[in-house]
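Residue numbers (my numbering): 239 to 1116. Using N, Cα and C, we set each Cβ at its ideal position, and we do this for glycine too. Structure, as structure tokens:
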């Protein structure tokens, strides 16, 4: 231990980092001391410490360097010095991923792992498991089982955690240790019990029945470890959500009983689980809210922080329940911990009345500059929620946001403010000019390229629609003069949109674009020349097609298809309609909920563009014989489950639509460990007009593995109404009984069997790709020469315009334009604008005028260049 003691001079100097200036080559030279005949722990320990420090600071060693040091380090096993030996274990763990032939120390580690020296055993287990692979694991399996149930808690915990790590590469071997893990769950040591429960759940999590039995057993016994109880609460809450069980089930009763646990950690975990359950009523929330309310007055800052953060998260979903704690939250506004104070104020902003907004905003303004970016983002979330809740307060909130924009901060923080201003602009048209003015001022000094590009895009989209579009031209053109090439290119595109939308500004825009054609960057010059040429035609249809609503193709697919076209021997011109459309971002349900509540925080605009389902599947499908000749993939549908998830065979279908064909992809999972399935296929009873061209079976389907089979069909020719149909489906296969442990069949001969699947539908939405029309009105005017069909429908089963809008969008599979998917409050009349493309690249525009009286009446107008497509949509709705 004397080697770790500071000398007196170092203590007087205030310490510091003793490894601050060390170099890799120097440490590697010093490591030669490991090769000396007699091991000197006093000299070897600091060298090994330096080496571990370098590796943990991100320093990389070559394979040869790592191997040489590793083998030199193994000689240190001769020493019985406890500190040096434990440092050696750490060195083995760090170098095992780089060095060659590390398994040479297996016997030494096994000896330490099973020896009598308790100081070595736990660390030896961790080091041994870090160098063990699936082939070697069986050799130490017996020792691992013994270690899991060892009396020494450090050894048992090390074995349990190492087993959990080994499930990544040898899950089948670790599954055999379930009895030992079950025994360890009964341990009196709190950490052993926690780690054992974690391993046991990980082993059984794919078996729903086993997890249910585990939870039923453990909820009846009294676990001594608060950590284990917290994990059990999380597992139970997950079961509650998955089973969609009512809150009078034993699961909910267990979680509620944990609110009275002696450990504060368990009480908080139970309260957190209850308030986050989807189907919790206000009455069932009361006990959990009471616990959190008590924690708000705790003397421990961690408890106060946990309670107020949970209130902050659930304030939107359960405002009435949280509002009852407003007095306690107001007491936290003056908390010495600024994080707690920030969360308290933002929670009050979400639950308070309109009259309290000004007072709370003044309070938070006093210390907002002192808190971290993470908590500033929380403040921005609250402001977004307020702006949507109290539209009349937009002046106060916009001014506060503009002040925050001028403060120092990172990309995520600034992006969240810009997102909030954009959301307010879109939700409240009165705020458009104020919001755009703030954003214009911000980009004058914006240091984040991606954010400036995004704001310029917004200015090009919204600026021409304001009363004085010319006032924004100066801000846009300043970017061409002062900024980097990426921003200059975005500014050129924004100026072109002003020229296309505002005829009185066209002459000035052309002058500015002419100057941009002399730019030093080729992309800026190309864009300026391109837009200037289009604007020079004075053709509104070209404006709409190439400036206001440019083609929305997938860039990666375009690149791939152009490459294929350049290598193909063909004289046919390249057809841009053969390129799949770009993905329109579709947030998951949680994000949609957050957006509607004004809670979504942008992670910054630097994220990669979303990859469409079509791009994900196109390459895989093109490699399958019979599918590659069908042409470009047009649309891939969502997953449709054809069986219940708990059945012996789990089958789901993905529909891939081409111009004249549809490929049905069936992903099949065999959940029976004593069966091997072969020649797995799906037999269809096709709807009228469909023709089955080919079936591609899955040759083999072992236990717990997913296999895929395909069916290729041809759409009905010249009969579009029949393209919407229902198919009967049967899963057919050959069964071979097998040994559950090895998975090998008992005999070469099997027997044929089948399994009924749910019916499968090809819908209208499966054949339509969404298109986001930025300027829908211009597109509608341009489509005046298309075939137009109109009809009126009575949607008597729908009781609100919101419900009607959601159902129409879902049924037709079209993209709503100009935010018409949001029905203003109190309105009885609404117009829904939709756009999309039918398979084969046929454009579709739909205008649905809705009126609410006794049910909903809809006047549907469809424009399309193909009369069959227009007729299909009107007849499908009818």
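Closest Cα partner of residue i within the set the options
| i | options | result |
| --- | --- | --- |
| residue 429 | 444, 469, 531, 280 | 469 |
| residue 974 | 910, 735, 1011, 883 | 910 |
| residue 981 | 913, 1014, 1015, 1024 | 913 |
| residue 799 | 480, 869, 1096 | 869 |
| residue 506 | 521, 543, 677 | 543 |
| residue 299 | 287, 333, 1040, 271 | 333 |
| residue 272 | 292, 259, 297, 323 | 323 |
| residue 419 | 404, 398, 405 | 398 |
| residue 265 | 477, 291, 696 | 291 |
| residue 621 | 648, 687, 550 | 550 |
| residue 938 | 767, 691, 433, 972 | 972 |
| residue 994 | 539, 1013, 1096, 882 | 882 |
| residue 383 | 365, 414, 404 | 414 |
| residue 1060 | 1042, 454, 1075 | 1042 |
Cβ-Cβ distance between residue i and residue j below 9 Å
| i | j | result |
| --- | --- | --- |
| residue 559 | residue 511 | no |
| residue 950 | residue 901 | yes |
| residue 347 | residue 369 | yes |
| residue 879 | residue 996 | yes |
| residue 307 | residue 289 | yes |
| residue 815 | residue 1078 | yes |
| residue 441 | residue 467 | no |
| residue 377 | residue 407 | no |
| residue 502 | residue 541 | yes |
| residue 732 | residue 698 | yes |
| residue 705 | residue 671 | yes |
| residue 969 | residue 903 | no |
| residue 906 | residue 966 | no |
| residue 715 | residue 674 | no |
| residue 1103 | residue 1025 | yes |
| residue 1124 | residue 864 | Because residue 1124 is not part of the residues shown, which for the chain are 239 to 1116, the question remains open. |
| residue 872 | residue 896 | yes |
| residue 1094 | residue 1034 | yes |
| residue 525 | residue 565 | no |
Pairwise C-alpha distance: residue j and residue i
| i | j | result |
| --- | --- | --- |
| residue 1070 | residue 646 | 42 Å |
| residue 282 | residue 887 | 59 Å |
| residue 788 | residue 782 | 7 Å |
| residue 495 | residue 627 | 36 Å |
| residue 461 | residue 341 | 39 Å |
| residue 427 | residue 381 | 21 Å |
| residue 1055 | residue 874 | 22 Å |
| residue 891 | residue 1080 | 26 Å |
| residue 1008 | residue 754 | 34 Å |
| residue 677 | residue 683 | 10 Å |
| residue 390 | residue 356 | 8 Å |
| residue 258 | residue 736 | 57 Å |
| residue 360 | residue 353 | 11 Å |
| residue 795 | residue 898 | 20 Å |
Neighbourhood of residue i by C-beta distance below 6 Å, restricted to the same chain and skipping five residues each side
| i | result |
| --- | --- |
| residue 1021 | 1083, 1101 |
| residue 618 | 654, 655, 658 |
| residue 312 | 343 |
| residue 375 | 408, 411 |
| residue 589 | 553, 557, 560, 561 |
| residue 919 | 933, 935, 947, 970 |
| residue 388 | 394 |
| residue 421 | 387 |
Nonlocal neighbours in the same chain, by C-beta distance under 7 Å from residue i, ignoring five residues either side
| i | result |
| --- | --- |
| residue 493 | 471, 474, 475, 508, 511, 512 |
| residue 917 | 935, 937, 971, 972 |
| residue 988 | 916, 972, 973, 974 |
| residue 702 | 735, 736, 739, 740 |
Neighbour flag for residue i against chain E, beta carbons, 9 Å
| i | result |
| --- | --- |
| residue 601 | Here there is only one protein chain, and chain E is not present. |
Contacts around residue i, its chain only, beta-carbon distance under 8 Å, and the 5 residues preceding and following it disregarded
| i | result |
| --- | --- |
| residue 802 | none |
| residue 262 | 292, 297, 299 |
| residue 957 | 927 |
> Hey, which unbroken runs of the beta strand (DSSP E) at 3 residues or more fall wholly within the region 844 to 917?
Replying inline: For the region 844 to 917, whole beta strand (DSSP E) runs of length 3 or above, ordered along the chain, are 887 to 895, 899 to 908.
> Where are the beta strand (DSSP E) runs, 3 residues long or more, that stay fully inside the region 1049 to 1104, in chain order?
Replying inline: Counting only runs of 3 or more, we get 1067 to 1076, 1080 to 1091, 1093 to 1102.
> Which residue spans inside the region 277 to 303 form an unbroken alpha helix (DSSP H) run of at least 4?
Replying inline: DSSP runs (the alpha helix (DSSP H)) wholly in the region 277 to 303: 279 to 294.
> Where are the alpha helix (DSSP H) runs, 4 residues long or more, that stay fully inside the region 383 to 432, in chain order?
Replying inline: You should have 391 to 404, 409 to 413, 416 to 423.
> In chain order, which alpha helix (DSSP H) runs of at least 4 residues are fully inside the region 474 to 540?
Replying inline: Correct list: 488 to 495, 502 to 513, 520 to 534.
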